[in-house]
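One structure is given here, and the rest of the page talks about it.
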Amino acid sequence: MNDSMQPFADPAAVYEYLNRFLNFERKLDPKEYRLDRMLGLRELFGRPDEAYKVIHVAGSKGKGSTATMIAAIIELHEAPVGLFTSPHLIDFTERIAVNTKPVDTTILLLCANALADRMAGKLPDDFPGGETPTYFELLTMLGFLCFREAACRRAVIEVGLGGRLDSTNVVVPEACVITPIELEHTELLGDTIPKVASEKAGIIKAGVPVFTSATRLDALQVFMDTAARLEAPLFLLDDAAVLSDIHIDASGTVFTVEYTDKALFPEALQLRTPMIGRVQARNAALAALVTRYLGASLEHIQQGLANARLRARFEIMPGDPVVVLDGAHTPDSVRACASDFSTIFPAGGLLLFGCAKDKQPGPLARELAGIFSQVIVTKPGTFKESDTQAIAKGFLDAGFHVSVREDTETGILAALDEAKSAGLPLLVCGSFYLCAEMAKTLSARGR
């Protein structure tokens, strides 16, 4: 089944197996960012993604939330539904969900054993380019296999990175969804918005409808040109809907949306989601548009959005102190996080921040200035390289009082103690990996 021919006993053993392929993933060179290995894997396993309809979701921000909302609606409309997202917070099984819950362990182990069995004895030269598949490629294939085994009727597949050459881009979807675009992973995706948008537009397929909530004109132009060339119907959220009366509080987000297509949406809808943030209103409106087009009822849309939850997206964890987990790590997403925090906690709070080395901390710090004045800087765990001194400088330049804790656990404990002593809520942001470390600490404390 695996190298020792012993079946995996539990999900932890599966994760350990997948992690053997991480070194190559971490050092992935742009010229090796390719689809042919994944296409080969897809053939090796009999094209499992063809067993169900696929909604493919890309974007720089909001794609995980939007994918989760779409799946929550489809679960009521046409279960079972698969959901493939990244990253995970606590357990890698979060990435492969059926009916918005981690896939059944029996199915996971069955498919993982089949995957490892086929991979046993394979050499790098057995794959295109002379390289073994990466962690994410194998994880993606495992998701495809699980969804087939679970008899999913539909699967919502979130792109891991970019779009055009992402491992997920071997699917033939019934709908493509693209959320807002920012500069990200510029070493792979390009250093301008049009270049990044072009990579995201790589998921668009001939004749397949595309739905986008993007707002930047230079990104939209790329999507319009690509859709026109491929004769793919294109739906722009800002042309299709008007949002109003957006209200956020600690219980979630409520808003009103009126769509221009009265055949699909005869009247304005009031929608609610427990996911907190003004940006979640746009994500929800986009999810509603996509799923209504695919046949979901208005009732299922309203109830599905009310059910949708995703961790570390302005997730409020009650206790002393109150902790808010938000994986925001780009200027736009950090700005949105800071705005929502000031709305719900107008008295301010304490900040625990860590980000990967490839991020520019200065712009992120400036987005948080004015809402926070004190920050504890730490590393976002051990999975990503981080330069705490560069982060500290970025916050010092933005006018913060800064303390640095190199060790992640020490930083977390210091932040919790200081927030509790000051009677302030604690925001953890800059990295999903830092949010994961905080979540583990709180879980160990029974929270």
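Sequential numbering of the sequence shown, starting at 236, is according to our numbering. Beta carbons are placed, not taken as given, at the ideal position from N, Cα and C, and that holds for glycine. None of the values given here were measured: they were computed from a predicted structure.
Quiz item: What's the gap between the Cα of His535 and the Cα of Pro408?
Solution: As a working note, residue 535 is residue 300 in the sequence shown. As a working note, residue 408 is residue 173 in the sequence shown. Their backbone Cα atoms lie some 22 Å apart in a straight line.
Practice problem: Grab me the residues of Asp598's own chain with a C-beta within less than 6 Å of its C-beta, minus the 5 sequence neighbours each way, in chain order. | Solution: As a working note, residue 598 is residue 363 in the sequence shown. This sequence places Pro at residue 598; Asp is not what is there. Only Pro566 meet the Cβ criterion.
Quiz item: Can you check whether the CB of Pro322 is closer than 8 Å to the CB of Phe667?
Solution: In the sequence shown, residue 667 corresponds to position 432, counting from 1. In the sequence shown, residue 322 corresponds to position 87, counting from 1. In this structure, Pro322 lies closer than 8 Å to Phe667 by Cβ.
Quiz item: Going by beta carbon distance, what residues of the same chain come within less than 7 Å of Gly299, once the five residues before and after it are set aside?
Solution: Stepping through the sequence shown from its first residue, residue 299 is reached at position 64. Hits under 7 Å: Thr320, Glu393, Leu545.
Quiz prompt | Selection from Pro509, Lys619, Thr676, Gly605 that minimises the alpha carbon distance to His482 | solution = Within the sequence shown, numbered from 1, the residue matching residue 482 stands at position 247. Relative to the Cα of His482, the nearest Cα in the group Pro509, Lys619, Thr676, Gly605 belongs to Pro509.
Quiz item: What three-state label does DSSP hand Leu609 in the structure shown?
Solution: For the purposes of this step, residue 609 is taken as the residue at position 374 of the sequence shown. For the record, residue 609 in the displayed sequence is Gln; it is not Leu. It is a strand residue.
Self-check item: Inter-residue CB distance, Thr328 and Pro246 (contact presumed, cutoff 8 Å)
Solution: Within the sequence shown, the letter at position 93 stands for residue 328. Within the sequence shown, the letter at position 11 stands for residue 246. About 5 Å separates the two Cβ atoms, so the contact holds.
Exercise. Name the one or two DSSP bridge partners that Pro337 has.
Key: Indexing the sequence shown from 1 puts residue 337 at position 102. Partner residues in the beta bridge of Pro337, as assigned by DSSP, are Ala332.
Quiz item: For Val639 versus Thr623, is the C-beta distance shorter than 8 Å?
Solution: Your numbering for residue 639 matches position 404 in the sequence shown. Your numbering for residue 623 matches position 388 in the sequence shown. Yes. Within cutoff.
Practice problem: Answer with buried or exposed for Phe500, where buried requires no fewer than 16 other C-beta atoms within 10 angstroms of its C-beta. | Solution: On the sequence shown, position 265 is the one that residue 500 refers to. Buried, because 16 or more other Cβ atoms sit within 10 Å of the Cβ of Phe500.
Exercise. Just confirm the distance between the C-beta atoms of Val492 and Ala485, as a whole number of angstroms; I'd bet it's less than 8 Å.
Key: To locate residue 492, count along the sequence shown from 1; it is residue 257. To locate residue 485, count along the sequence shown from 1; it is residue 250. The pair is not a contact, with the Cβ atoms about 22 Å apart (cut-off 8 Å).
Quiz prompt | Own chain, CB closer than 6 Å to Val477, minus 5 neighbours either side, in chain order | solution = The residue labelled residue 477 in the question sits at position 242 within the sequence shown. Its chain contains Glu493 as the residues whose beta carbon lies nearer than 6 Å to that of Val477, once the 5 sequence neighbours on both sides are disregarded; these appear in chain order.
Quiz item: Taking Pro363 as the reference, which of Leu276, Ile325, Leu345 has the closest Cα?
Solution: Within the sequence shown, residue 363 is the residue found at index 128, counting from 1. Comparing Cα positions, the closest option is Leu276.
Quiz item: Leaving out the 5 sequence neighbours to the left and right, which residues in its chain are closer than 7 Å to Pro359 when beta-carbon positions are compared?
Solution: Here residue 359 refers to the residue found at position 124 when the sequence shown is read from its first residue. Within its own chain, the residues whose Cβ lies closer than 7 Å to the Cβ of Pro359, once the five positions on either side in sequence are excluded, are Gly365, Glu366, Thr367, listed in chain order.
Quiz item: Out of curiosity, what's the CA-to-CA distance linking Gln595 and Phe580?
Solution: Position 360 of the sequence shown holds residue 595. Position 345 of the sequence shown holds residue 580. Roughly 27 Å separates the two Cα atoms.
Exercise. Can you tell me which of the three DSSP states His291 falls into?
Key: Numbered from 1 along the sequence shown, position 56 holds the residue referred to as residue 291. Three-state DSSP puts His291 in a strand.
Self-check item: Leu560 - DSSP class collapsed to helix/strand/coil
Solution: Translated into the one-based positions of the sequence shown, residue 560 becomes position 325. Strand at Leu560.
Self-check item: Coil, strand or helix - Ala314 by DSSP
Solution: The residue given as residue 314 occupies position 79 in the sequence shown. In this structure, DSSP gives Ala314 a state outside helix and strand, which the three-state scheme calls coil.
Quiz item: Which parts of the region 458-492 are runs of the alpha helix (DSSP H), unbroken and 4 residues or longer, counting only runs that do not cross its ends?
Solution: For the region 458-492, whole alpha helix (DSSP H) runs of length 4 or above, ordered along the chain, are 472-475.
Quiz item: Is the Cβ-Cβ distance between Pro283 and Leu380 less than 8 Å?
Solution: In the sequence shown, counting from the first residue as 1, residue 283 sits at position 48. In the sequence shown, counting from the first residue as 1, residue 380 sits at position 145. Closer than 8 Å, so yes.
Quiz item: Cα separation between Met552 and Arg399?
Solution: For the purposes of this step, residue 552 is taken as residue 317 along the sequence shown, with counting starting at 1. For the purposes of this step, residue 399 is taken as residue 164 along the sequence shown, with counting starting at 1. Counting only the Cα atoms, Arg399 lies some 37 Å from Met552.
Quiz prompt | Of the listed residues Ser608, Cys664, Lys296, Glu644, nearest to His420 (C-alpha basis) | solution = Position 185 of the sequence shown, counted from the first residue, corresponds to residue 420. Selected option, being the one with the closest Cα: Lys296.
Quiz item: Can you name the start and end residues of the beta strand (DSSP E) that Arg601 belongs to?
Solution: By 1-based counting over the sequence shown, the position of residue 601 is 366. From DSSP, Arg601 is part of no beta strand (DSSP E) but of the alpha helix (DSSP H) over 596-603.
Practice problem: Could you have a look at Leu648 and say whether DSSP puts it in helix, strand or coil? | Solution: Residue numbering aside, residue 648 sits at position 413 when the sequence shown is read from its first letter. DSSP, reduced to helix, strand and coil, places Leu648 within a helical segment of the structure shown.
Quiz prompt | Reference Arg388, options Leu318, Glu313, Glu672, closest by Cα | solution = Residue mapping note: residue 388 aligns to position 153 of the sequence shown, counting from 1. Cα-wise, what sits closest to Arg388 is Glu313.
Quiz item: Along the chain, where does the beta strand (DSSP E) that runs through Val639 open and close?
Solution: Your numbering for residue 639 matches position 404 in the sequence shown. Residues 636-640.
Quiz item: Going by DSSP, what residues sit across from Phe319 in a beta bridge?
Solution: Here residue 319 refers to the residue found at position 84 of the sequence shown. In the DSSP output, where bridge partners are listed per residue, Phe319 has Ile331, Ile392.
Quiz item: Over what stretch of residues does the beta strand (DSSP E) that includes Arg507 continue unbroken?
Solution: In the sequence shown, residue 507 corresponds to position 272, counting from 1. Start and end: 504-508.
Quiz item: What residues are listed by DSSP as bridge partners for Phe588?
Solution: As a working note, residue 588 is residue 353 in the sequence shown. Beta-bridge pairing links Phe588 to Val612, Cys664.
Quiz item: Roughly how many whole angstroms lie between the Cα atoms of Thr303 and Ala543?
Solution: In the sequence shown, residue 303 corresponds to position 68, counting from 1. In the sequence shown, residue 543 corresponds to position 308, counting from 1. Here the alpha carbon of Thr303 sits roughly 6 Å from the alpha carbon of Ala543.
Exercise. With a threshold of 16 other CB atoms inside 10 Å of the CB of Ile309, please say whether the residue is buried or exposed.
Key: Within the sequence shown, residue 309 is the residue found at index 74, counting from 1. Buried.
Quiz prompt | Sub-8 Å separation of Gln538 and Leu311 beta-carbons | solution = Along the sequence shown, one-based indexing puts residue 538 at 303. Along the sequence shown, one-based indexing puts residue 311 at 76. Their beta carbons are under 8 Å apart, which means Gln538 touches Leu311 by this criterion.
Quiz item: Per DSSP, Phe446 is paired with what?
Solution: Position 211 of the sequence shown, counting from 1, holds the residue named residue 446. Per DSSP, Val412, Phe470.
Practice problem: Find out if the Cβ-Cβ distance for the pair Cys670, Leu324 is shorter than 8 Å. | Solution: As a first step, residue 670 must be located in the sequence shown, where it is residue number 435. As a first step, residue 324 must be located in the sequence shown, where it is residue number 89. It is a contact, given that the beta carbons lie within the stated cut-off.
Quiz item: Looking at C-alpha atoms only, which residue of Gly425, Ala386, Cys411, Thr369 is the closest neighbour of Ser402?
Solution: As a working note, residue 402 is residue 167 in the sequence shown. By alpha-carbon distance to Ser402, the top candidate from Gly425, Ala386, Cys411, Thr369 is Thr369.
Quiz item: Which residue comes first and which comes last in the beta strand (DSSP E) that contains Ile551?
Solution: Numbered from its first residue, the sequence shown carries residue 551 at position 316. Counting along the chain, the beta strand (DSSP E) containing Ile551 begins and ends at 550-552.
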